[in-house]
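Notes for the one structure printed next.
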Amino acid sequence: MLKLKSMPCAIACVIASGALAGAAPALAQTPGQGDPAAGAPQRVVVTGSLISRTNTETPTPIQVLTAADIQKSGKTSVAELLSDLAANGAGTLGTGFAGAFANGASGISLRGLTVGATLVLIDGHRMAPYPLSDDAQRSFVDVSSIPFDAIESIEVLKSGASSLYGSDAIAGVINIKLKKNLNGTRLSAEVGDTQHGGGKTKRASISTGIGDLGADGYNAFITAEYRKQDPIYVADRENFGYANRDWRARGGNDLTLGVPTNINNFLTAASSPFLYNPSNPNNPAGVNNVDNPANYQFLDPNCNFAKYRAGGCSVRDTESFIQPPTENLNLLVGMTKKLSEDWEVQFKGSMFRRESTNNRNSANNSPLQYNPTAFNGTTTLVNGVLTPRVGAVPNTTFAPGAQVGANVTNPFGQNARLYGYIPDVGPALTTYNESTATRFSADLIGSAYGWDVTASVGATKVKNDLDYSGYVNRSALYDALRNGSFNVLGGNSPAVMNQVSPHFSNKIESTLNYADLIGSRELLSNFGAGPLNFAAGLHWHKRKQDAPPSSLTANGAVASTSAFTIGEETNKAAFAELQATPIKNVEVGVAGRYDHYDTYGRSFTPSANFKWTPSQQIGLRGTFARGFRAPSPAEVGNAGSFFTFNAISDPILCANGSQTTAGNVPSACSFSPPYVQTTNPDLQPEKSKSFTFGVILEPVRGLNMTLDYYKIQIKNLIVTQAGNDPSFTPTWVRGPAAPIDIATGVGNNTSVGTPAAGPILYGLSPYINAGSTETHGIEADVRYRWRLGDKGTITANLSAAHTFGYETEVAGEKYQLAGTQGPSSVGGATGNPKDRAQFTLGYARGPLDVTATVNYTSGFSTFDPALGETDCATTAEHVGGRAYFQGLVQPSWYCNVSSFTTTNLNVAYKVTENLTIRGSILNLFDKEAPYDVATYGNAGNQTSYNASLHQPGAVGRFFSLGANYTF
């Protein structure tokens, strides 16, 4: 008789009764409700294998997070939970990165190989990726939209798995397993708040199910969850160093908005718009033009020249987010119907909707400013054709007596510039994003003619409805200024603002439909010391990504909103696995997969593994796997994007990098140039080899330990050339030369002139197959359970990872990036720490359950050898594109980012059989995020913390209180 089991390719729930999650040995899953084999060992299918087994201690390292572990974490979202994985490394994507192409979403990067090398499955099957690719390139599944209460377990396979799962499983697999049956009703509610303001969180859910699979032949259930998280603004944290723009006490510059300094040549937008005469021929002797009060006319009486120069007309940034506001509504329905003793069918449908608001800030557009001298237009990329200077305004100055908006004229005898923030626009470059992920699946599971069979089909889609605001049509703005219809002091009519700053929208979506057929059986009952098992399967999926540019971006009316991708792929695959125990206590397995992609061709990926258990106390295991990642539609399709990351000095207009050298253009010194990301139809797939070798120890009862060494080599790595090839020199496309401030060589004095070349508009950065990346390290899991009789039970779990090396090779040159900021062009310069660890200590006695979790991330340097940047004096500027120390020598202590440790506490108390109350404190000791001056992956251009690694230190201490009630 068939023992019904989880669908093949899904990861079994490997919970030892009351034990913590981990990669250590575990008991088999407890037989389910209504199972006729109750009391007998249950065979389950574990990740990394198609063949069921009674012992879930596998040759491959697996970490399991159960529903109980999730609740004990105190976290309020899956994204927060997974970001703390010790195996999560460089290139991880968090919601705190405002400038991300996929802002609002979250992705996991196992072994630091980016989100594109980690395959995320739901119930063992592929899910449509987020329509906005990470860095406009890498496809990933957004884990931030998956609700807590719909999850049965999360399983992390920490080994290459392309031989069974296909493309993208180079670094490993994360399988998020949703509930498949439920009886009774469960109500849950939770509220939380931060100590330092902002970030209030509310969450409520209801789950209910009917039917007993054994007695009634069916089970049906529904789970609904609502979650709302308020924003945390940068202004809420400006009393902390990482959000304070004034760096003078730290050896740097004052970057406070509206404060004139030498790095902005004492000309910057302030709380009052003002007109400036850059060419007064009658300045007093010895007085620079910029220092003469007669050359200014402030249009708001609350600001004047003296107050302006003293920093009294500064502006607070009240719009940038440390944590964006989100609102989630999630629904999961499922039904399992028993067709016969040997067959059952499972249906599941889900809708996960997330609404979020993000604004992409930079030093010059938070809030948006006027263009004092010229607007060089936007560059459009449509069907592979680049068109620069669309909507350019070659001269934005105003002639003597000319109109400068409503009720203002130029009072000077020479052309005047307008400085200031554009009113009535709202937060800069803002996107309201309603992301809806839908998934419908059906699985037929049974046995026939000696085969255990699973047939699965599914349709998945992620649709984003995007509403944009905070963008400005510059040509319309200057038309309105010149005809007097726009008021520079604000109060403009909706009709005028609709012309100057139109609100517009876009719809993008990603779909993936799949079909799988898998069969397994015992070929020989006696092959050496055990049976010879065989499994084989077929896979098909079709994926489409339809993420066109918005209409106003495509025609160049406003700046680029986000990357665009239009493309599709079809994958057909066949795969098989053999597993045997040729001699006593030695298990071996081999697997292979043949893939055909219509975008590039064929791949074959084999794998092999072994486990030797000479005694109950010790075991050895190892794996070898080849893998691949097929070029995505964003890399080979109709796609493109514009991006910035580091700062440079113009090789012509500021050749020596000094703002004060005679003939240099100060505004061309230390600026972040735009790059145009272009696709490459000739890209080859990334190919990988991975190895693991480990030891499993159980020296005493209750103590389980594993230690695994891993090594992953990736060749034909697909990267953008800028930031990954230190020898790369972009071909800069320039606009026409126009009058601009040029240094005279006397202090900070400038005079208006026409330079030898025009400004840089963009540089091309194509995708390339760039050499290789190799990373190797060790991962340890230690788990202990100590029973104290009637005094309770203590449990402890340590999960730790150490990276020995992370080496890239480009054009024959090798660069060691472990323990550095590199590769900084990937995922917001997340940093590449060598060590991460998580320690969990729990105590349970009767109705009381207390869990403390300590998360540790080691420090790292702010160097990026992949960028050719190993000079401690300039990493903030040259790696992160930040002006903290522009024109100064960066203090040596900013060459390194400090380690970061947080402690979370969760307490649950079962008041009655039905009611449980719980409380938690995240970041119990209120640890502040350390400085990371070389990252640009955070809340905005002048915040100096790492949102991917240190976001809890920016949120600060967080309290929550909740309750569960079941009946």
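Going by my numbering, the letters in the sequence shown line up with residues 114 to 1080, in that order.
Even glycine gets a Cβ: it sits at the ideal position worked out from N, Cα and C.
Computed from a predicted model, the values in this text were never measured in an experiment.
Cα-Cα separation, residue 945 to residue 932: Stepping through the sequence shown from its first residue, residue 945 is reached at position 832. Stepping through the sequence shown from its first residue, residue 932 is reached at position 819. Roughly 5 Å between the two C-alpha positions.
Taking the alpha-carbon positions, what's the residue 1024 to residue 890 distance? Indexing the sequence shown from 1 puts residue 1024 at position 911. Indexing the sequence shown from 1 puts residue 890 at position 777. Looking at the two C-alpha atoms, the distance is approximately 45 Å.
Taking the C-alpha atoms as reference points, what is the distance between residue 912 and residue 688? The count along the sequence shown starts at 1 and reaches residue 912 at position 799. The count along the sequence shown starts at 1 and reaches residue 688 at position 575. So the two alpha carbons sit approximately 32 Å from each other.
When you compare only the Cα positions, how much space is there between residue 559 and residue 570? Here residue 559 corresponds to residue number 446 of the sequence shown, with the count starting at 1. Here residue 570 corresponds to residue number 457 of the sequence shown, with the count starting at 1. Using only the alpha carbons, I get a separation of about 15 Å.
Below 8 Å on the Cβ atoms is my contact criterion, and I expect residue 482 with residue 534 to pass it. Report the Cβ-Cβ distance as a whole number of Å. As a working mapping, residue 482 is identified with position 369 in the sequence shown. As a working mapping, residue 534 is identified with position 421 in the sequence shown. At roughly 6 Å, the Cβ-Cβ gap stays under 8 Å, so residue 482 and residue 534 are in contact.
What is the DSSP secondary structure of residue 854, counted as helix, strand or coil? Here residue 854 corresponds to residue number 741 of the sequence shown, with the count starting at 1. Looking at residue 854 - three-state DSSP - the assignment turns out to be strand.
Of the choices 669, 886, 856, 508, whose alpha-carbon is the least far from that of residue 111? Since the first and last residues shown for the chain are 114 and 1080, residue 111 lies out of range.
Residue range of the beta strand (DSSP E) that includes residue 250: Start at 1 with the first residue of the sequence shown, and residue 250 comes out as number 137. Unbroken run through residue 250: none, as it is neither H nor E.
What is the C-beta distance between residue 791 and residue 879, in whole angstroms, given that I count them as a contact (C-beta under 8 Å)? If you number the sequence shown from 1, residue 791 lands on position 678. If you number the sequence shown from 1, residue 879 lands on position 766. Contact flag correct, Cβ pair sits at about 5 Å.
Residue 882 and residue 809 closer than 8 Å at C-beta: Residue numbering aside, residue 882 sits at position 769 when the sequence shown is read from its first letter. Residue numbering aside, residue 809 sits at position 696 when the sequence shown is read from its first letter. No, the pair does not count as a contact, with Cβ atoms beyond the cut-off.
So, helix, strand or coil for residue 379, using DSSP? As a position in the sequence shown, residue 379 is number 266, starting the count at 1. If DSSP states are grouped into helix, strand and coil, residue 379 belongs with coil.
Pick from 293, 356, 312, 337 that is closest to residue 325, judged by C-alpha positions: Here residue 325 refers to the residue found at position 212 when the sequence shown is read from its first residue. Comparing Cα positions, the closest option is 293.
When DSSP labels each residue in this structure, what does residue 951 get in the three-state scheme? Translated into the one-based positions of the sequence shown, residue 951 becomes position 838. In this structure, residue 951 counts as strand in the three-state DSSP scheme.
Rounded to whole angstroms, what's the CA-CA distance from residue 429 to residue 369? Just pull it up for me. Sequence index remark: in the sequence shown, residue 429 carries index 316 (1-based). Sequence index remark: in the sequence shown, residue 369 carries index 256 (1-based). If you take the alpha carbons of residue 429 and residue 369, they lie about 8 Å apart.
Excluding the five sequence neighbours on either side, which residues of its own chain have a C-beta within less than 6 Å of the C-beta of residue 610, listed in chain order? Working through the sequence shown from its first residue, we reach residue 610 at position 497. Answer for residue 610: 537, listed in chain order.
Identify, in the order they occur along the chain, each residue of the same chain with its Cβ nearer than 7 Å to the Cβ of residue 438, setting aside the five sequence neighbours on each side. Translated into positions along the sequence shown, residue 438 becomes position 325. Hits under 7 Å: 342, 343, 344, 469, 470.
Cβ-based burial, residue 283 [other Cβ within 10 Å; buried from 16]: On the sequence shown, residue 283 is found 170 positions in, with the first residue counted as 1. Residue 283 comes out buried.
For residue 419 and residue 659, I'd like the C-alpha separation in whole angstroms. Numbered from its first residue, the sequence shown carries residue 419 at position 306. Numbered from its first residue, the sequence shown carries residue 659 at position 546. Cα-Cα distance, rounded: 54 Å.
Taking the beta strand (DSSP E) that residue 656 falls in, what are its first and last residues? For the purposes of this step, residue 656 is taken as residue 543 along the sequence shown, with counting starting at 1. Residue 656 -> beta strand (DSSP E) spans 643-660.
Contacts around residue 968, its chain only, beta-carbon distance under 6 Å, and the 5 residues preceding and following it disregarded: Within the sequence shown, numbered from 1, the residue matching residue 968 stands at position 855. Cβ neighbours of residue 968 beyond the five flanking positions: 197, 951, 1015.
Boundaries of the alpha helix (DSSP H) in which residue 920 is found, first to last residue: Locating residue 920 in the sequence shown gives position 807, where the first residue counts as 1. Premise fails: residue 920 lies in the beta strand (DSSP E), 906-923, not in any alpha helix (DSSP H).
Near residue 146, which residues of its chain fall below 7 Å by C-beta distance, leaving aside the five closest residues on each side in sequence? To locate residue 146, count along the sequence shown from 1; it is residue 33. Low confidence applies here, because residue 146 scores a pLDDT of 38, under 50, leaving its location unreliable; read the following figure in that light. For residue 146, where only same-chain residues beyond five positions count, the Cβ hits under 7 Å are 325, 326, 327.
Shortest alpha-carbon distance to residue 811 belongs to which of 738, 635, 997, 894? Mapped onto the sequence shown, residue 811 falls at position 698. Checking every option, the nearest Cα to that of residue 811 belongs to 894.
Can you give me the C-alpha to C-alpha distance between residue 1080 and residue 300, rounded to a whole angstrom? Within the sequence shown, numbered from 1, the residue matching residue 1080 stands at position 967. Within the sequence shown, numbered from 1, the residue matching residue 300 stands at position 187. Answer to the nearest angstrom: the Cα atoms are 9 Å apart.
Exposure of residue 1049, with buried meaning 16 or more beta-carbon neighbours within 10 Å: Stepping through the sequence shown from its first residue, residue 1049 is reached at position 936. Answer is buried; the Cβ neighbour count reaches 16.
The ligand HEM heavy atom lying under 7 Å from the CB of residue 177: The ligand HEM is absent from the structure shown, which contains no ligands of any kind.
Quick test of your reading: residue 466 and residue 445, contact by CB under 8 Å. State the CB separation rounded to the nearest angstrom. Translated into the one-based positions of the sequence shown, residue 466 becomes position 353. Translated into the one-based positions of the sequence shown, residue 445 becomes position 332. Incorrect: roughly 12 Å between the Cβ atoms, too far for contact.
Separation of residue 390 from residue 942, as counted between CA atoms: As a working note, residue 942 is residue 829 in the sequence shown. As a working note, residue 390 is residue 277 in the sequence shown. So the alpha carbons of these two residues sit roughly 40 Å apart.
Is residue 562 buried or exposed, if buried means 16 or more other CB atoms sit within 10 Å of its CB? Here residue 562 refers to the residue found at position 449 of the sequence shown. By the neighbour-count rule (16 or more Cβ atoms within 10 Å), residue 562 is not buried but exposed.
Provide the residue span of the beta strand (DSSP E) that contains residue 552, from first to last. In the sequence shown, counting from the first residue as 1, residue 552 sits at position 439. From DSSP, the beta strand (DSSP E) with residue 552 extends over 543-561.
According to DSSP, simplified to helix, strand and coil, what is residue 932? On the sequence shown, position 819 is the one that residue 932 refers to. Three-state result, residue 932: coil.
Identity of the residue in 463, 620, 624 nearest residue 552 by Cα: As a working mapping, residue 552 is identified with position 439 in the sequence shown. Checking every option, the nearest Cα to that of residue 552 belongs to 463.
Enumerate in chain order the residues of its own chain whose CB-to-CB distance from residue 1060 is below 6 Å, with the five nearest sequence positions on each side excluded. As a first step, residue 1060 must be located in the sequence shown, where it is residue number 947. Cβ within range, chain order: 207, 209, 210, 1050, 1051.
Candidates 431, 714, 383, of which the one nearest residue 373 by Cα: For the purposes of this step, residue 373 is taken as residue 260 along the sequence shown, with counting starting at 1. Closest option to residue 373, Cα to Cα, is 383.
Determine the direct distance from the alpha carbon of residue 530 to that of residue 965, and round the result to whole angstroms. In the sequence shown, residue 965 corresponds to position 852, counting from 1. In the sequence shown, residue 530 corresponds to position 417, counting from 1. In a straight line, the C-alpha of residue 965 is about 59 Å away from that of residue 530.
Are the CB atoms of residue 190 and residue 741 nearer to each other than 8 Å? As a working mapping, residue 190 is identified with position 77 in the sequence shown. As a working mapping, residue 741 is identified with position 628 in the sequence shown. No. Outside cutoff.
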